[in-house]
Structure formats: structure tokens, C-alpha cells
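K.L.:
Keeping their order, the protein sequence lines are chains P, S and E.
If you use my numbering, the first sequence closes out at 305, no skipped numbers anywhere.
If you use my numbering, the second sequence closes out at 456, no skipped numbers anywhere.
If you use my numbering, the third sequence closes out at 177, no skipped numbers anywhere.
Beta carbons are placed, not taken as given, at the ideal position from N, Cα and C, and that holds for glycine.
All figures in this text were calculated on a predicted structure; none of them were measured in a lab.
Provided herewith is a single structure, encoded as C-alpha cells, for subsequent inquiry.
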Amino acid sequence: MTVLSFVIALVGFGLVAPIVGCLLAGLDRKITARLQGRVGPPILQPYYDVRKLLAKDNVSVNHFQDFYVAMSLFMAILAGVLFFAGGNFLLVVFIITLSTLFLIVAAYSSRSPFAEIGAEREIIQVMSYEPLVILMTIAYFLAVRSFDVSAVLTLSQPIIISLPLVFVAFLFVLTIKLRKSPFDLSYSHHAHQELVKGITTEMSGRTLAMVEVTHWYENVLFMSWVGLFLVWGSWIGVLVAIIVALAIYFLEILIDNNFARVKWQAMLKWSWLVTLVFCTVNIVVLMIVS
Amino acid sequence: MGKKTIIPFGPQHPVLPEPVHVDLVVEDEKVIEAIPQIGFIHRGLEKLVQKKDFMQFVAVTERICGICAFGHSMGYSETIEILMGLEIPKRAQYLRVIWHELSRIHSHLLWLGLLADGFGYENLFMQCWRLRENVLGIFEKTTGGRVIFSACNVGGVTQDIEDGDLKGIVAILDGMRSEYEELLKTFLYDSSVKNRLSGIGYLSKQDAESLCLAGPFARASGLVEDCRLDGYGGYGDLAAFEPVLSEDGDGHARCEVRAREVYQSMDIIAEMVSKIPDTPISLPVKGMPGAGTAAVHHVEQPRGESFYYAKGNGTKFLSRFRIRTPTSHNIGGMTKILQGCDLADVALNILTIDPCISCTER
Amino acid sequence: MTPQVFIDITRLELRKHAERYQAEGWRFVNLCGSLLNLDEESDKGVVEMLYTFARGREMENLRFDVQPGEVLESISDLYFNALVNENEAHDLFGIEIKGIVIDFGGAFYTLSVPTPMNPQSNIAIRAAEQKTYGTADYGACPVPTSSEEEA
């Protein structure tokens, strides 16, 4: 990763990712509505929502949470930039986790019972998917022999060939990271849950707009991780990666519309079970073969 | 020992259909104590009986609740008919049963949708309500109104349904059956739904009996409590009637009882349509309730047994009209099942009693 | 048809009857008050209470009068859900009931005026009703001019 690649990634990811994220979110709402037999909002609705939120007055009594949410957004952008600049994958994983932790601290700082319980659930969600993400990074190193994301462009075949089970486990956990049913415990786009709105209950105006934009950046980053499994040394790989990522996103929308929400005990149990079984088997096989 | 938080649940809450306030004392996502409070929607409707005469008061009883609207107007009319000793024509009785059973279908479909929303399955919620639109369309075609439709008054019903329209109603309900079957399978057998509903809010048969519960809430614990067994009005001419029961007593059982009652209502409507006689639809009411007379009556509403008490005093204003709705008694059951449950289940427990607080508070 | 059985008892016999009903497995259906004519002696009105119990297809109603100032015994320890109706009777009619399992102390319904169904217990309401309707008597409402009212 050179200074030039970092600057290009900064400008590219920083400006293009929110547009892509906004369109992805809009498509999500439109397709969900059609699956439910409704017409649905226009595809640019997330952009209109953020524009409206930015224009609102800030009436929160707690100003600390603005700082935490801003740090969360900054970390999400930094993680994405590092990823697309070809930087260290382990560093990217930790920085994006740091972004979520800042959001949790922001929820705790608001001292409302709904936000506190939402923050507790978010912590449990992080505990559910962190083991997989770390094992996935280790599996990546074993397959590519380097922690750098840019190393995947020197391969002769995509890493999904050597890490199929890790890919499947990652798809399972992607539902948690994208905050979709059955794992939308702490915050989802539907307000009809036990905790009013979960971690963002006490946020409004510019703060909530920053949370929304953070989610756009995060969604693009996670779909890029899906694409990471399918890229290799030629440009066909990039095309395949984009198509597969979009297909997986559509699959996530389908799953969202076909499951009720589970309680945190079930989420923790299932994600750890899947992680343990699939990743261990794949990594052991990989270590034996190579 | 974790820290105790007090979470104010309601009256404004996205998952609650009605304004009820519950103060939850929570320790690490487990509810230790729940103290309910109602009173947000008390409109003093029982006092209006002294300002509106007994023929006008039907309109007030309809507006007690949007979901049980026809049930209350039917209960009121039947109580006044008992008070004054009127025997209304057969066709009016059958039409009342048809509209009441349609109310039951639409109320249960509404509730199924809210329950799906309560455990986070928005898609199922939208499908249930889309199916319910068929029933509301029937109401609009036959009476002109979708929710409050002023079809019942003392002495009979206000409008007739032609025989051709009656067959049309049965055809629409038959058309709904296949789609409803799909929804029923999801509610009863889907693993993520069962994961949320099974085992929550368990009440044994003895508990249900000592708490004097009413409606599907009681029938899900095995109690045989159904006013339609009285056989008053059109219900007396049914070939056979058995209340839908379940022995399990948890949230899943209550869902099952209500879901199967929809099928039972469709069958009752089909039977009524096939047997309906050709008589006038209403009796002209002369005179007023006599002095010193009193009457009691009860009706099986979608939520349970609704009890009515009327007292006349020789003038055109009733001296007293009392409505006791099923949710007033089910609130006691709700308090019992909220103790010791998970925070994620609070909304579901409140929803499984099918609360209708606007009926409770009038 | 619903059985129309009305049994007249006295206020003190209520508890005995409720215990008998519970022992025999009857369920509690309803309790309500209704205002009788104004008691000429005092400002408060006499309230007639109705308690309804049912078992299977039978239903029995107990009736008795409560004079102003008399206290009733609660049956909410026998029948838990009677507490909703007892709190309501207290808020709407001003009836004193002692021993309710969860006693809201008058805060069950948030009313803008106290005891609206028994306004004889509140002089300010009586004065307002007198001004609006010309009468504050709730047992004898204005009689219609024609004796045969077509519905």
C-alpha cells in the first residue's frame, strides 16, 4: 500500500461508497416492499431521509453522543479506505469493530433504558460475529500467505476455491452484520420492536444522519468482503465479484422477509456453532493440504 | 444480582396496538415485576346513556371500539330486545350472525398480523392484513362502511343483503381459504415463529379458571368458555357448534386457537347463508323500556365474553347501561403472565391476550 | 336465552355469597354500580350494586344498595380480576371498597372531574348540570311529549 493508492482509495471510496450504499439501501426497501405486496418508497428515499435529518434542529440533551457517532463514522470510512487501498486485512477488521464499539458507547452515554438495552444487545451481536471475522482473517492468511488485501490480485484462482466453508460461515454471519431478520435485535430499519428503536432511540437530527451514512459505508465494506473471496489476478474476477455480491445482497433481503426475529441466546448459540464447525474444518483441511 | 432498571412500556409504543402502560422492573433482560395501568382512553361512554335515548345509543356502542364495533351494537340491541320483550325476525338474526362472524374473521386476521409484527416478521404482518382487505371489502359492499358500519339497531338490522350477494360472500371467503392456509402453516409450523411463541406466557387450566379468563385466551388453556353455546339468536339454528380448544396454554396455543376459529367462522357463515329464511329484516319498536325493568345478556366477541346489563325506568332514556368487556378480565391474566418473562417477550405476552383497551375503558 | 336471575341481598351478605360461589366453581363476570334516585337527606346518591356470577350456562346476579358513606368489602382476593371493576366503581361512583388487591387509590382512570357517574357526591358538578340541563336528577330524565314514540 503506497501513499498514492491510499489517496486514490480515500477519494474513490470516500465519495463513491455513500452513493453505492444509498442505492443499495433504497433497493433493499423497494424489493422488500414488493415482496410484501406493497409499492414501496422511491429508490432514492434513503438520500431524502438523510437530507431531511440534516436539516433538523438538534434537540438532544446529551452532546457527548455526537462525538462518539462522528468517531464511528470516521472509523468506518477509514476501514473502507484501508481495504480498498490494499492495506492490512487484520487492521481493517479491527478498525470496523472499533466503529461499532463507538456506536455502542454513544448509546450508553444517552442513559435511556431503551438505548441501554439496545447497546447490551449490540454487544452480544458483536460477540456473535467477532470469532468468525477473526477466524476468517486467519483463513485468509493461510490461503494467500499475506495479510494484505492487495495480495489477492496476484493469485491465480479466487480464494473461495480453498475456503468454501469459511465463505458459507461468513454468509451466515453477514445477516447479523447487515442487521437483517432473524438477527436484527438491536437496531433495524423497522421500528416495531420491543426497544422502540434500540441503540438509536435517543438520536435525532444530524446524529441520526451520521448513523445512517455509517451504515451505508459499512454495507459497501461488507459486500466488498464477499467480493474478496471471488477476486483473482484478472479483471473478470472483479466483474464476478460484483455480480455475486449483488446476488448475495438479494439473498439477504429474501432471508429478512422469511424469518421472525430470534432472541439473543439463539443468535449467540447458532453463530458460534456455525463458526466453530465450518471454520475449524476448513482451516484444518487447508493446513493439512498445504 | 444485576442492576434493576425500570422500563416504561407504553402507552406510546410502536409494537402495542392499544395504549396500555406497564412499568417493567427489569434485571438483565428478565422482568421481575410488571404493574399495569390503563385509563388513557376513558371517554365516559356509559354516561352518555343519559343523554341519548335508547334508540340513538346504538351509534354510541358501535364507537366504543373499532374492531369489535358490530359486536357491541349487536349485544346492545339484543339486550334491549330482552328488556322490552321483543322477538326479532329470523332473517335479521341470521344477518346479525353473518356480520358478527365476519367481524370475528377480520379481528383475528388483524391480530395475527400484529402478532407477526410483534416477533419481527413484517412480511407475514403485511400478508395477513392484505388478506383482511377482502373482508373489509365485503363490509363495504354490503353496508357501505369498512369498520363502523351501523348495520344493527334495536328491532333488527338496518339493511338487507340480497341472496346473490350472500353467495358472493361465501365465494370470496372460499377464495381466501387457500391463501390463508399458507399463512396458517407459517404461524403454526415455521421454526423461527415457534422459537418465539412456544412456552411463553404459560397458564395452566386451574390458573385460567381461578382468574376467570374469557375468550380464546381461556380456550387456549383448555377452558370451555364460549357464549355461542347458549344458542341465542341465529346461533341456536346451527347444526353443531364446538368451541376450538387447545390444551397447551402458551402463546403458541393462543395463536392456534384464534387461527382455527377463522375456519370455524367461515363454516358458520356458509351454513347461515344456506339456511337463511325470507322474512322482514326488522321489527318496528313501539314504546319504551318499562319502569323497574332490568336485563342481562352476554355475547361472544372475538376477544371473549362481553357482558351487557340494561336498566329501564319508563322513559326513553335508560337508567343504566353497563358493558363489561373481556379485556377487563384478561388484564388480570396479563399481569400474571408478565411476571418472570424475558424482556423480548413482553410485547408478545401483551399481544397474546388480544388487548382491546378502548373497550375496557369505554 | 341468557338466564335473567336477579337476587336481592344486603351489603353485608355479599362476602358470604362470593365465597360460596367460589367454592362451587362459579366464575366472576361483572360488578357495576348504577345510580338510583337522589337521596333526599344528603347530597350523595344511593348506588345500586350488581354482582354477576356464572357457571356453564347458568348466570346469577346479586343486587343490593349502598348508602352514601358505607364501605364494601373487596372480593379481589377471591377473584383477582375483580380489582379492575372495583377500582372503576371507586373512580366513577365514589364507592369505598376496602381490601382491593391492587388499589390505585382513585388514579385508575384519569378523570377531569371526580366521580362523574355519581355527581351527587360532588356539588360543583351538580351546579353545572343544573345550569345546562335544568335538572340534576339522574333517575328522572326529561319525559318525551308524545307517549307513543315511533323508533
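R53 (chain E) by DSSP, collapsed to three states: which one?
P.N.:
Here the question's residue 53 (chain E) lines up with position 27 in the third sequence. If DSSP states are grouped into helix, strand and coil, R53 (chain E) belongs with the strands.
K.L.:
Can you list, in chain order, the stretches of the alpha helix (DSSP H) that have 4 or more residues and sit fully within the stretch 219-250 of chain P?
P.N.:
When DSSP assignments are scanned along the stretch 219-250 of chain P, the uninterrupted stretches of alpha helix (DSSP H) that are 4 or more residues long and fall wholly within it turn out to be 221-243.
K.L.:
What did DSSP end up calling Q131 (chain S) once you bin it into helix, strand or coil?
P.N.:
Indexing the second sequence from 1 puts residue 131 (chain S) at position 37. Strand at Q131 (chain S).
K.L.:
If you run the structure through DSSP and keep just helix, strand and coil, what is A206 (chain P)?
P.N.:
The residue you call residue 206 (chain P) lines up with position 191 of the first sequence. Unreliable positioning characterises A206 (chain P) in this predicted model, as indicated by a pLDDT of 45, which lies under 50. A coordinate reading is not provided.
K.L.:
Residues of chain S with CB closer than 8 Å to the CB of L272 (chain P), please, in chain order.
P.N.:
Position 257 of the first sequence holds residue 272 (chain P). Here the sequence assigns Asn to residue 272 (chain P), which means Leu is not the residue at that position. Simply E216 and N217.
K.L.:
Nearest to L139 (chain S) by CA position, among S:E273, S:G309, S:I417 and S:F335, is which residue?
P.N.:
Position 45 of the second sequence, counting from 1, holds the residue named residue 139 (chain S). Comparing Cα positions, the closest option is S:I417.
K.L.:
Can you list, in chain order, the residues of its chain whose CB lies under 8 Å from that of L204 (chain S), leaving out five sequence neighbours each side?
P.N.:
If you number the second sequence from 1, residue 204 (chain S) lands on position 110. Excluding positions up to five away in sequence, the list reads I161, C222, W223 and R226.
K.L.:
Does A133 (chain E) have its Cβ less than 9 Å from a Cβ in chain S?
P.N.:
Here residue 133 (chain E) refers to the residue found at position 107 of the third sequence. Output row for A133 (chain E): interface = yes.
K.L.:
Taking the straight line between their C-alpha atoms, what separation do you get for P146 (chain P) and V76 (chain P)?
P.N.:
Along the first sequence, one-based indexing puts residue 146 (chain P) at 131. Along the first sequence, one-based indexing puts residue 76 (chain P) at 61. Going from the Cα of P146 (chain P) to the Cα of V76 (chain P) covers about 36 Å.
K.L.:
Verify the CB distance criterion: does D199 (chain P) have a CB-CB separation below 9 Å to chain S?
P.N.:
To locate residue 199 (chain P), count along the first sequence from 1; it is residue 184. Yes, because at least one Cβ of chain S sits closer than 9 Å to the Cβ of D199 (chain P).
K.L.:
In angstroms with no decimal places, state the Cα-to-Cα distance between F117 (chain P) and I123 (chain E).
P.N.:
Sequence index remark: in the first sequence, residue 117 (chain P) carries index 102 (1-based). Sequence index remark: in the third sequence, residue 123 (chain E) carries index 97 (1-based). Rounded to the nearest angstrom, the two C-alpha atoms are 55 Å apart.
K.L.:
Under a CB-based cut-off of 9 Å, is S60 (chain E) close to chain S?
P.N.:
Here the question's residue 60 (chain E) lines up with position 34 in the third sequence. Residue contact with chain S for S60 (chain E): present (Cβ-Cβ distance below 9 Å to some residue of chain S).
K.L.:
Measure how close the beta-carbons of I176 (chain S) and H391 (chain S) come, nearest whole angstrom, since I'm counting them as under 8 Å.
P.N.:
Taking the first residue of the second sequence as 1, we reach residue 176 (chain S) at position 82. Taking the first residue of the second sequence as 1, we reach residue 391 (chain S) at position 297. Rounded, the Cβ-Cβ distance is 6 Å, consistent with contact.
K.L.:
List the DSSP bridge partners of M85 (chain E).
P.N.:
Here residue 85 (chain E) refers to the residue found at position 59 when the third sequence is read from its first residue. According to DSSP, which records beta bridges pairwise, M85 (chain E) is partnered with E:A80.
K.L.:
Return yes when the Cβ of L189 (chain S) is within less than 9 Å of the Cβ of I362 (chain S), no when it is not.
P.N.:
Here residue 362 (chain S) refers to the residue found at position 268 when the second sequence is read from its first residue. Here residue 189 (chain S) refers to the residue found at position 95 when the second sequence is read from its first residue. The answer is no: Cβ separation not under 9 Å.
K.L.:
With a threshold of 16 other CB atoms inside 10 Å of the CB of D259 (chain S), please say whether the residue is buried or exposed.
P.N.:
To locate residue 259 (chain S), count along the second sequence from 1; it is residue 165. D259 (chain S) should be labelled exposed.
K.L.:
Considering A121 (chain P), what are the terminal residues of the alpha helix (DSSP H) in which it resides?
P.N.:
Position 106 of the first sequence, counting from 1, holds the residue named residue 121 (chain P). Run containing A121 (chain P): F104 to Y123, per the alpha helix (DSSP H) assignment.
K.L.:
Distance, Cα to Cα, V296 (chain P) vs W287 (chain P)?
P.N.:
As a first step, residue 296 (chain P) is located in the first sequence; it is residue number 281 there, counting from the start. As a first step, residue 287 (chain P) is located in the first sequence; it is residue number 272 there, counting from the start. About 14 Å.
K.L.:
Leaving out five residues on either side along the sequence, give the residues of the same chain with a beta carbon under 8 Å from the beta carbon of H136 (chain S).
P.N.:
Residue mapping note: residue 136 (chain S) aligns to position 42 of the second sequence, counting from 1. Within the same chain, H136 (chain S) has close Cβ partners E455 and R456.
K.L.:
Nearest to G212 (chain S) by CA position, among S:D372, S:T419, S:V379 and S:C349, is which residue?
P.N.:
As a position in the second sequence, residue 212 (chain S) is number 118, starting the count at 1. Of the candidates S:D372, S:T419, S:V379 and S:C349, the one whose C-alpha sits nearest the C-alpha of G212 (chain S) is S:C349.
K.L.:
If I'm right that M360 (chain S) touches I199 (chain S) with Cβ under 8 Å, what's the distance once you round it to whole angstroms?
P.N.:
Here the question's residue 360 (chain S) lines up with position 266 in the second sequence. Here the question's residue 199 (chain S) lines up with position 105 in the second sequence. About 7 Å separates the two Cβ atoms, so the contact holds.
K.L.:
List the DSSP bridge partners of V251 (chain S).
P.N.:
Residue mapping note: residue 251 (chain S) aligns to position 157 of the second sequence, counting from 1. DSSP lists S:C246 as partners of V251 (chain S).
K.L.:
Taking just the CA atoms, how far does P94 (chain E) sit from S304 (chain S)?
P.N.:
Numbered from its first residue, the second sequence carries residue 304 (chain S) at position 210. Numbered from its first residue, the third sequence carries residue 94 (chain E) at position 68. About 32 Å.
K.L.:
What did DSSP end up calling I126 (chain E) once you bin it into helix, strand or coil?
P.N.:
On the third sequence, residue 126 (chain E) is found 100 positions in, with the first residue counted as 1. Residue state, collapsed to three classes: coil.
K.L.:
I believe G36 (chain P) touches Y232 (chain P) by the beta-carbon criterion, under 8 Å. Please report the beta-carbon distance rounded to the nearest angstrom.
P.N.:
Within the first sequence, residue 36 (chain P) is the residue found at index 21, counting from 1. Within the first sequence, residue 232 (chain P) is the residue found at index 217, counting from 1. About 6 Å separates the two Cβ atoms, so the contact holds.
K.L.:
Measuring straight from C-alpha to C-alpha, what distance separates S138 (chain E) and A121 (chain P)?
P.N.:
Translated into the one-based positions of the third sequence, residue 138 (chain E) becomes position 112. Translated into the one-based positions of the first sequence, residue 121 (chain P) becomes position 106. Cα to Cα, the separation comes out at about 41 Å.
K.L.:
For H107 (chain S), does the three-state DSSP call read helix, strand or coil?
P.N.:
Working through the second sequence from its first residue, we reach residue 107 (chain S) at position 13. Three-state result, H107 (chain S): coil.
K.L.:
Cβ of M27 (chain E) less than 9 Å from any chain S Cβ?
P.N.:
As a working note, residue 27 (chain E) is residue 1 in the third sequence. It does; some Cβ of chain S falls within 9 Å.
K.L.:
Distance check for V246 (chain P) and L87 (chain P), CA to CA, integer angstroms please.
P.N.:
What you label residue 87 (chain P) is simply residue 72 of the first sequence in a count that begins at 1. What you label residue 246 (chain P) is simply residue 231 of the first sequence in a count that begins at 1. Going by the sequence as given, residue 87 (chain P) is Ser instead of Leu. When rounded, the separation of the alpha-carbon atoms in S87 (chain P) and V246 (chain P) is 29 Å.
K.L.:
Using 10 angstroms around the beta-carbon of N73 (chain P), count the other beta-carbons present and answer buried if the total reaches 16, otherwise exposed.
P.N.:
For the purposes of this step, residue 73 (chain P) is taken as residue 58 along the first sequence, with counting starting at 1. Exposed.
K.L.:
D257 (chain S) lies in the alpha helix (DSSP H); which residues open and close that run?
P.N.:
For the purposes of this step, residue 257 (chain S) is taken as the residue at position 163 of the second sequence. That run of the alpha helix (DSSP H) goes D257 to Y283.
K.L.:
In whole angstroms, what is the alpha-carbon distance linking M220 (chain S) and I34 (chain P)?
P.N.:
Numbered from its first residue, the second sequence carries residue 220 (chain S) at position 126. Numbered from its first residue, the first sequence carries residue 34 (chain P) at position 19. Taken atom to atom, the span from the alpha-carbon of M220 (chain S) to that of I34 (chain P) is near 30 Å.
K.L.:
For D129 (chain E), which of E:N113, E:G59 and E:M143 has the nearest alpha-carbon?
P.N.:
The residue given as residue 129 (chain E) occupies position 103 in the third sequence. Measuring from the Cα of D129 (chain E), the nearest candidate turns out to be E:N113.
K.L.:
Which residues in chain S sit within 7 Å of L76 (chain E), going by Cβ to Cβ distance?
P.N.:
Taking the third sequence and counting its residues from 1, one reaches residue 76 (chain E) at position 50. The answer, in chain order, is Y403.
K.L.:
Which residue comes first and which comes last in the beta strand (DSSP E) that contains K405 (chain S)?
P.N.:
Here residue 405 (chain S) corresponds to residue number 311 of the second sequence, with the count starting at 1. Counting along the chain, the beta strand (DSSP E) containing K405 (chain S) begins and ends at G398 to N407.
K.L.:
Return the bridge partner residues of R416 (chain S) from the DSSP annotation.
P.N.:
On the second sequence, residue 416 (chain S) is found 322 positions in, with the first residue counted as 1. Paired residues: S:Y403.
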